[in-house]
Amino acid sequence: MHRLRTFFYYLTTGITLGFLLSLLLTFNTKYEMMISLALMTYIFIGFGIMLGVAFKNIRYKYIFFIIEGLTLLIALLSGKLMQIVYIVKETFFTTTPVKNIILPFIVVVAIINIINIYIITTLSKYQKVYSREELKELKAKETKLSELREKLSPEELAELKKSRKKQRNIALIIITISLIIYFAIPSVREKLNYAFATISQLDTNIVIEYLRSYGAWAAVVSFILMILQSIAAPIPAFLITLSNAAIFGWVWGAVLSWSSAMAGAALCFFLARALGRGPVEKLTSKGAMASVDVFFERYGKHTIFICRLLPFVSFDFVSYGAGLTNMKFWSFFIATGIGQLPATIVYSYVGGTLTGGAQKLFLGLMSLFALSIMIAIAKKVYNDKHKTK
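First residue of the sequence shown? That's 1 in UniProt numbering, and the numbers climb one at a time after it.
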């Protein structure tokens, strides 16, 4: 019952957020014509479902009412109260006249509010409600990274070190061969440099044109490109996902993006496990791994699933971080596969159905969401560093 309450609260919060952003879109006729209000609502319904699955407890108990109040306030002040009903009509693809939707809509909203008020007022019966002082104590007792690493007997540790040494040697041989090929064969070097330069422009049209230039080999090139960006390129993978959807259609594009991202994540995991933290920090950065440490300390072994549900958390870094813990590969791989499906489907659908300004608007909204996450992580890392001084 507790998980169902939490899921319902986050789901309805996502729906309300979708309605708020759809309402804001109506202030600009150009954007309203370019992007479906129903799609905007469904994206944030999906986001609400992700939160409901990822979190066991309600962390911000008034967030639903704040978003709902803000939506109503904007609608009232702008004279767009009926626009909310039009959004409902478009979301459910109904041909029912607007005047016949008003009463059922009010009843449903009232029921949802009654349920959420009940959930919040009885919250202490189903989960611990902490004071500020208790929250500070809990943060001090959060899972430490050392607790996520191996606790083995001397014999097991010796065997593990032997196995890791073998893995490290294999990884170093592969890396050495790859570097020799890169520097010794000019055509390979030029093509790789051009590929990274193309992605670095952060323009889906340019990436699409680049992949299409390979004709029948476009899917293979896309697969390799996704793996390469996972290892070394700090570039959002969603650019390749959007491009795949535009070229192969959103269904097959999603399959290609999902499978190549899985391969890239597995490779990052094995590289971290074979090489250890030092080389991984050089390959990424100490700051990047410090931000990943924050997630592992807060969510422990659930980090993989939670971070993959957050679209713009760099999952390449999380894959490296997972390889530095005692997490089993198959646990990591399954959580990765399940966790990345929602975002892959959404990006693929957007890439396959939206073009031009609508696609740019979507990317802008997601980038704003990404920035908020990055600021929160940076603040946490900054506070932790100054706390230790």
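Beta carbons are placed, not taken as given, at the ideal position from N, Cα and C, and that holds for glycine.
Spatial neighbours of residue i in its chain, beta-carbon cut-off 6 Å, leaving aside the 5 residues before and after
i	result
Gly-323	Phe-269, Ala-272, Arg-273
Tyr-126	His-2
Tyr-349	Trp-250
Glu-150	For Glu-150, the pLDDT reaches just 48, beneath the cut-off of 50, and the residue's location in the model is therefore unreliable, although a value from the coordinates is still provided. Correct list, in chain order: Asn-326.
Between the CA atoms of residue j and residue i - distance to the nearest angstrom
i	j	result
Ile-112	Ala-245	36 Å
Ile-338	Trp-250	18 Å
Ile-170	Val-280	16 Å
Val-98	Val-108	15 Å
Gln-83	Val-221	45 Å
Thr-91	Met-40	9 Å
Ile-87	Leu-23	8 Å
Thr-16	Met-327	37 Å
Leu-179	Lys-89	57 Å
Phe-105	Leu-123	27 Å
Gly-48	Leu-172	43 Å
Gln-340	Thr-204	20 Å
Val-318	Phe-296	9 Å
Tyr-42	Tyr-10	14 Å
Pro-154	Gly-276	19 Å
Met-50	Glu-159	40 Å
Gly-278	Ile-185	29 Å
Ile-174	Tyr-210	27 Å
Phe-65	Ile-114	11 Å
Lys-161	Trp-252	42 Å
Leu-21	Ser-78	15 Å
Phe-223	Thr-176	22 Å
Glu-133	Lys-165	46 Å
Glu-147	Lys-128	In this prediction, Glu-147 has a pLDDT of 48, which is less than 50 and means its spatial position is unreliable; nothing more can be read from the coordinates.
Leu-76	Ala-110	18 Å
Burial state of residue i (16 or more Cβ within 10 Å)
i	result
residue 465	Nothing can be reported for residue 465: it is not among the residues displayed for the chain, which extend from 1 to 389.
Gly-215	exposed
Glu-68	buried
Phe-238	buried
Leu-37	buried
Tyr-347	buried
Phe-332	buried
Gly-52	buried
Phe-329	exposed
Tyr-118	exposed
Ile-240	buried
Ile-247	buried
Contact check, residue i vs residue j, beta carbons under 8 Å
i	j	result
Ile-63	Thr-13	yes
Thr-26	Lys-80	yes
Phe-315	Ala-263	no
Ile-304	Ala-343	no
Phe-19	Thr-71	yes
Ala-195	Leu-225	yes
Gln-229	Ile-199	yes
Ala-218	Arg-212	yes
Ile-208	Ser-163	no
Ile-74	Val-85	no
Close-in-space but distant-in-sequence residues of the same chain around residue i (CB under 7 Å, 5 per side omitted)
i	result
Ile-120	Lys-61
residue 390	For residue 390 there is no data in the structure shown, the boundaries of the chain being 1 and 389.
Ile-345	Ala-254
Leu-371	Its pLDDT being 49, under 50, Leu-371 is placed unreliably in this model, and the value from its coordinates should be taken loosely. Around Leu-371: no qualifying Cβ.
Asn-100	none
Same chain, Cβ closer than 8 Å to residue i, five either side skipped, listed in chain order
i	result
Ile-231	Gly-264, Leu-267, Cys-268, Leu-271, Leu-283, Asp-316
Tyr-182	Val-188, Arg-189, Leu-192
Ile-206	Thr-198
Thr-96	Lys-89
8 Å Cβ cutoff, residue i in contact with chain C
i	result
Phe-92	In the structure shown, chain C cannot be found, because there is only a single protein chain.
* Asked: Can at least three beta-carbon pairs, one atom from the region 241-259 and one from the region 315-329, be found at a separation below 8 Å?
  -> The region 241-259 makes no contact with the region 315-329; the number of CB pairs closer than 8 Å stays below 3.
* To do: Decide yes or no for the touch test of the region 1-20 against the region 51-68: beta carbon pairs closer than 8 Å, at least 3 of them.
  => yes
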